[in-house]
Amino acid sequence: MRRDVARRGIGRQVLTHLIDVATVSGFHSIIARIESTSIASRELHTACGFKLVGVEQQVARKFGKWLDIAVLQIIL
Numbered sequence: 001m002r003r004d005v006a007r008r009g010i011g012r013q014v015l016t017h018l019i020d021v022a023t024v025s026g027f028h029s030i031i032a033r034i035e036s037t038s039i040a041s042r043e044l045h046t047a048c049g050f051k052l053v054g055v056e057q058q059v060a061r062k063f064g065k066w067l068d069i070a071v072l073q074i075i076l
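First residue of the sequence shown: 1, per the numbering used here; consecutive thereafter.
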């Protein structure tokens, strides 16, 4: 998300809508894979009911650096 529109609740609205649509569509769960140091994204998902279920170590690269990926899940 662009920094000038961050922290306005837009991400929460989008994620809440996604959860609602998945629920009425009959999905059982949603899994999110988030770069592990993205604290704001992890906090957003946790606030919306996601739980940390694991961390995949050094599975992605960005700017030449290996990154860990946090795996979060919500059971609908």
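All C-beta atoms in this analysis are idealised placements derived from N, C-alpha and C, irrespective of residue type, glycine included.
Closer than 8 Å to chain B by CB, residue i
i	result
Leu72	Among the protein chains of the structure shown there is no chain B, as only one such chain exists.
Alpha helix (DSSP H) segment containing residue i, residue limits
i	result
Gly54	Counting along the chain, Gly54 falls outside any alpha helix (DSSP H), though it belongs to the beta strand (DSSP E) covering Lys51 to Lys62.
Leu76	Per DSSP, Leu76 belongs to no alpha helix (DSSP H) and is neither H nor E.
Asp82	Summary: the structure shown does not reach residue 82, with the chain confined to residues 1 through 76, and so no result is reported for it.
Residues of its chain near residue i, where Cβ-Cβ distance is below 8 Å and the 5 sequence neighbours each way are ignored
i	result
Thr16	Cys48
Arg12	Leu44, Ala47 and Cys48
Ala22	Ile30 and Leu76
Ile19	Ile30, Cys48, Gly49, Ile74 and Leu76
Same chain, Cβ closer than 6 Å to residue i, neighbours up to 5 away in sequence not counted
i	result
Leu72	Ala32, His45, Phe50 and Leu52
For residue i, three-class secondary structure by DSSP
i	result
Leu67	strand
Leu44	helix
Continuous beta strand (DSSP E) stretch holding residue i: start and end
i	result
Ser38	Where Ser38 is concerned, there is no enclosing beta strand (DSSP E), given that its DSSP letter is neither H nor E.
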